[in-house]
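Here the protein sequences come in this chain order: A, B and C. Going by numbering that gives the first Met the number 0, 41 is the number at position 42 of the first sequence; the sequence numbering is gapless. Going by numbering that gives the first Met the number 0, 53 is the number at position 54 of the second sequence; the sequence numbering is gapless. Going by numbering that gives the first Met the number 0, 22 is the number at position 23 of the third sequence; the sequence numbering is gapless.
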Amino acid sequence: MPTRLTIATQRPQQLLDITAQVSQWLTICGKREGILHLFVPHTTAGITLNENCDPDVMRDILTTLEKLIPTHGDYRHGEGNSHAHLKSTLTGHQVAIPFANGQLLLGRWQGIYFAEFDGPRQRELILHVV
Amino acid sequence: MPTRLTIATQRPQQLLDITAQVSQWLTICGKREGILHLFVPHTTAGITLNENCDPDVMRDILTTLEKLIPTHGDYRHGEGNSHAHLKSTLTGHQVAIPFANGQLLLGRWQGIYFAEFDGPRQRELILHVV
Amino acid sequence: MPTRLTIATQRPQQLLDITAQVSQWLTICGKREGILHLFVPHTTAGITLNENCDPDVMRDILTTLEKLIPTHGDYRHGEGNSHAHLKSTLTGHQVAIPFANGQLLLGRWQGIYFAEFDGPRQRELILHVV
């Protein structure tokens, strides 16, 4: 059964490390081997994997995305969050991670990041194991 | 068995809403729960999820991508569609969507978009349920 | 069981065609139908699908990404490879490809590319069949 986790973001734009929350869910779920699917059911947020150590990497990613796709740009969409729709399409809305012996096979430096581009908000993440 | 849907795009660059077509296929397929894989077997087209309501969002996405990666730029590839290869790599060629009770677990505002970057053409989409 | 392949990249930034290596693994694995998951457990490398014929496409993709996200930019991360973290998030770290009759259902022009952005290095790719 797909499960929903609640993710509370704290800033307008944020890469929020959710590795611990996801790993904990996998442990409770009890499956030992397979693929974990993570799906973001939003259009102004995404999900990505990246460095779990130096927070400056997250800052550099958000700053550079903002330079390429500014919050206030030449957009027509009336809600003023076109930049967030664009950024979510570029990071993507889903990721699938293999696991074995009940552990995600993430690389040593890899963390799972919920990518908020139009926050802060209460968001959802759908998890499903195959 | 993987199934192929035909997608007819109408413009050189277009984000074509295929949500209804994909949902209908899932209903006919009859599976109740799992992951639906959508795969684009092309190199100048992609697939993404985004807002299903205001078409200006699609316009803003295409316009901004075109600003970042212009159709006529400093490219070497002789066919003149390097921009489309780039855009397809940025949106990606596949997406996996969880479903339950025979319904895709898309967010309220999420639609599935076939991303044409070198059309109009007859395209294919490969669907597979796990 | 997930399997690890070793990928040796040869340049600082490179789109390395790994289609033959991956297809060969699928043949040895012996499964006839399903989804092949490819996962990159790194944060300065990614994976993408694109044209398997003209190498100028790979040159154009890398050159344009470099123009958008320069190696030497306004970054804070001390290791000097922020651009590579960004590029890996944009290409993505995983792809899922359907297969039938033991053959990947790639399009006629599609190849699988390991995307090195901070090489050359010995890298890993995790393969898993569902």
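No residue lacks a Cβ here, since even glycine has one placed at the ideal position from N, Cα and C. Quantities reported herein were computed from a predicted structural model and do not represent experimental measurements.
(message) Quick check on Ser22/B - is its C-beta less than 8 angstroms from some C-beta in chain C?
(response) Ser22/B does not count as touching chain C.
(message) With H, G and I counted as helix, E and B as strand and the rest as coil, what does DSSP make of Thr18/C?
(response) Here Thr18/C sits in helix by DSSP.
(message) According to DSSP, is Glu32/C part of a helix, a strand, or is it coil?
(response) In this structure, Glu32/C counts as coil in the three-state DSSP scheme.
(message) Please classify Thr2/B as buried or exposed, where buried requires at least 16 other C-beta atoms within 10 Å of its C-beta.
(response) Exposed, by the Cβ-count rule.
(request) With DSSP collapsed to three states, give me the class of Gln121/C. (result) Three-state DSSP puts Gln121/C in a strand.
(message) Please classify Asn80/C as buried or exposed, where buried requires at least 16 other C-beta atoms within 10 Å of its C-beta.
(response) Buried: at least 16 other Cβ atoms inside 10 Å.
(request) Determine the closest residue to Met0/B out of Val94/C, Gln12/C, Asn100/C and Leu37/C, with distance taken between C-alpha atoms. (result) When each option's Cα is compared against that of Met0/B, the closest is Asn100/C.
(request) Drop a sphere of 10 angstroms on the beta-carbon of Ala95/A, count the other beta-carbons inside from all chains shown, and report buried for 16 or more, exposed for fewer. (result) Around the beta carbon of Ala95/A, 16 or more other beta carbons lie within 10 angstroms, which makes this residue buried.
(message) With a threshold of 7 angstroms on Cβ separation, who are the neighbours of Cys28/A within its own chain once the five nearest residues in sequence on each side are excluded?
(response) Contacts found: Val128.
(request) Tell me, to the nearest whole angstrom, how far the beta carbon of Glu123/B is from that of Ile6/B; I am working on the premise that it is less than 8 angstroms. (result) Their Cβ separation, rounded to whole angstroms, is 7 angstroms, which keeps Glu123/B and Ile6/B in contact under 8 angstroms.
(request) Give a yes or no on whether 8 angstroms exceeds the smallest Cβ distance from Gln102/A to chain C. (result) Closer than 8 angstroms: no.
(message) Residues of the segment 84 to 95 of chain A in Cβ contact with chain C at a cutoff of 8 angstroms, in chain order, please.
(response) The residues in question are Leu89, Thr90, Gly91, Val94 and Ala95.
(request) Starting from the Cα of Arg107/C, find the closest Cα among Cys52/C, Lys30/C, Thr88/C and Gln12/C and give me that residue. (result) Residue Cys52/C is the option with its Cα nearest to Arg107/C.
(message) Could you check whether Leu37/A and Val21/A sit closer than 8 angstroms to each other, using their CB atoms as the reference points?
(response) Against a cut-off of 8 angstroms, the Cβ pair of Leu37/A and Val21/A comes out as a contact.
(request) With DSSP as the reference, label His127/B as helix, strand or coil. (result) Residue state, collapsed to three classes: strand.
(message) Can you give me the C-alpha to C-alpha distance between Gln121/A and Thr42/A, rounded to a whole angstrom?
(response) Cα to Cα, the separation comes out at about 14 angstroms.
(request) Please state if the CB of Ala114/A and the CB of Leu4/A are separated by a distance shorter than 8 angstroms. (result) Using a Cβ distance threshold of 8 angstroms, Leu4/A and Ala114/A do not count as a contacting pair.
(message) Please list, in chain order, the chain A residues whose beta carbon lies closer than 8 angstroms to that of Asp73/B.
(response) At a beta-carbon threshold of 8 angstroms, none of the residues of chain A lie near Asp73/B; the nearest stands roughly 17 angstroms away.
(message) Considering just the uninterrupted stretch of the alpha helix (DSSP H) at Leu105/C, what are its terminal residues?
(response) Neither: Leu105/C is in no alpha helix (DSSP H) and is coded neither H nor E.
(message) With distance defined between alpha-carbon atoms, name the residue in Pro69/C, Leu61/C and Thr70/C nearest to Arg75/B.
(response) When only C-alpha atoms are compared, the closest one is Leu61/C.
(request) Go to Glu50/C, then tell me how far its alpha helix (DSSP H) extends in each direction, as first and last residue. (result) In the DSSP assignment, Glu50/C falls outside any alpha helix (DSSP H) and lies within the beta strand (DSSP E) extending over Ala44 to Glu50.
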